[in-house]
Amino acid sequence: MKIDVSDTKVQMGSKAAEFTARHIRETIRKNGSANIIVATGASQFETLEALIKEKDIAWDKVTAFHLDEYVGTPITHPASFRVYLWKRFVSQLDLPLKAFHYVNGDAPNPKEECKRLSEIIARHPIDIALVGIGENAHLAFNDPPADFDTQEAYLVVDLDEDCRKQQLGEGWFPDLNAVPKQAISMGIQQILKSKIIVVSCPDERKATAVQGSVEGPITNTVPSSIMQQHADTVLFLDKASASKLTK
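Terminal number for the sequence shown in the working numbering: 260, no gaps in between.
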């Protein structure tokens with residue numbers, strides 16, 4: 014795991030976006046297309062804002078996958094990650110994406126939605142994954158203790174109270190009772206199949222999770238620690254989120 018620390022989260026986002034853009038361009042030059050994963054949440058604000066400004070990316074050769082979505086949440090809900098991705102990423106690109114495979118959180122049968130997405134992503138090996146780290150060190154919505162062994166590409170997961178409090182604290186919901194208790198999330202092993210993982214993780218509230226993910230043992234009680242095993246993960250931090258690192 015490589016670590017890059019910036020003075021501010023705006024600088025962090027710019028570096029993460031520049032790194033991501035460079036590898037998307039290189040992948041398209043080499044393969045003729047690229048497959049990426051796009052995350053949501055407050056940690057991705059600066060990275061996505063900078064990424065959509067990057068020039069000379071043939072977005073029409075890029076297939077993108079949605080990392081996670083709340084179960085039972087319609088696309089019209091202001092906290093819907095589909096709305097987030099459309100407003101902050103998809104609709105802002107110079108060229109339309111080749112495809113964007115959204116997670117339909119209000120699908121009548123969430124397990125069938127997981128199966129649908131799993132079949133699609135199996136045909137699209139991921140080149141670059143954009144992810145974050147939760148306050149409880151979750152990776153996607155795989156809260157502790159995370160399932161490190163499942164080979165399901167997408168699965169229905171329960172959200173723990175710390176995760177739900179984070180969503181409330183970031184302003185997505187009016188009160189804790191309004192925060193969904195389940196989500197459809199990409200599985201840990203599917204994320205680890207990505208050739209490159211780009212982690213954007215600003216803010217002091219993430220400092221403990223960052224320290225555990227980087228310097229602690231690999232354990233499913235700190236789900237993001239599993240990225241220590243990945244061959245090409247780059248963790249972009251600001252000084253606040255890196256403040257508890259000792260190395």
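Note that beta-carbon positions come from the ideal geometry of N, C-alpha and C, so glycine has one too. Remember, it's a predicted structure, so these values are computed and weren't measured experimentally.
Give the range of the beta strand (DSSP E) segment to which F78 is assigned. DSSP places F78 inside the beta strand (DSSP E), whose first and last residues are V75 to H79.
Using only the alpha-carbon positions, how far apart do Q57 and A77 sit? A direct Cα-to-Cα measurement between Q57 and A77 gives close to 15 Å.
V75 and I49 - do their beta-carbons sit closer together than 8 Å? For the 8 Å CB-CB criterion, I49 and V75 form a contact.
Just tell me which of G85, T221, S207 and K260 has its CA closest to the CA of P193. Taking only the C-alpha atoms, the option nearest P193 is G85.
Check D17 in the structure and name its three-state DSSP category. Strand at D17.
Pick from I210, L98 and D69: whose alpha carbon is nearest that of D81? Of the listed residues, the one whose Cα sits closest to D81 is L98.
Hey, N155 and P236: beta-carbon distance below 8 Å or not? The beta carbons of N155 and P236 sit closer together than 8 Å.
Report the residue from K28, P123, K68 and L250 whose alpha carbon sits nearest the alpha carbon of G145. Of the candidates K28, P123, K68 and L250, the one whose C-alpha sits nearest the C-alpha of G145 is L250.
Pair every Cβ in the region 200 to 208 with every Cβ in the region 156 to 172, then say whether three or more of these pairs are closer than 8 Å. Enough Cβ pairs lie closer than 8 Å, so yes.
May I ask which residues mark the beginning and end of the alpha helix (DSSP H) holding H151? Note, H151: premise wrong, no alpha helix (DSSP H); not H, not E.
Please name the residue, chosen from L181, G182, E183 and P158, that lies closest to D171 on a Cα-to-Cα basis. Cα-wise, what sits closest to D171 is P158.
Quick check on P187: buried or exposed, where buried means 16 or more other Cβ atoms within 10 Å of its Cβ? That one is exposed.
Looking only at its chain, what residues have a beta carbon closer than 6 Å to the beta carbon of F94, apart from the 5 residues adjacent to it on each side? Counting only Cβ-Cβ distances below 6 Å, and skipping sequence neighbours, we find T53 and E82.
Got a sec: does the ligand MN put a non-hydrogen atom nearer than 7 Å to the Cβ of E82? Summarising the ligand content, the structure contains no ligands, and the ligand MN is consequently not present.
Taking the DSSP output, what are the residues bridged to V212? Answer is V144 and L248.
N48 - partner residues in DSSP beta bridges: In DSSP, N48 forms a bridge with T76.
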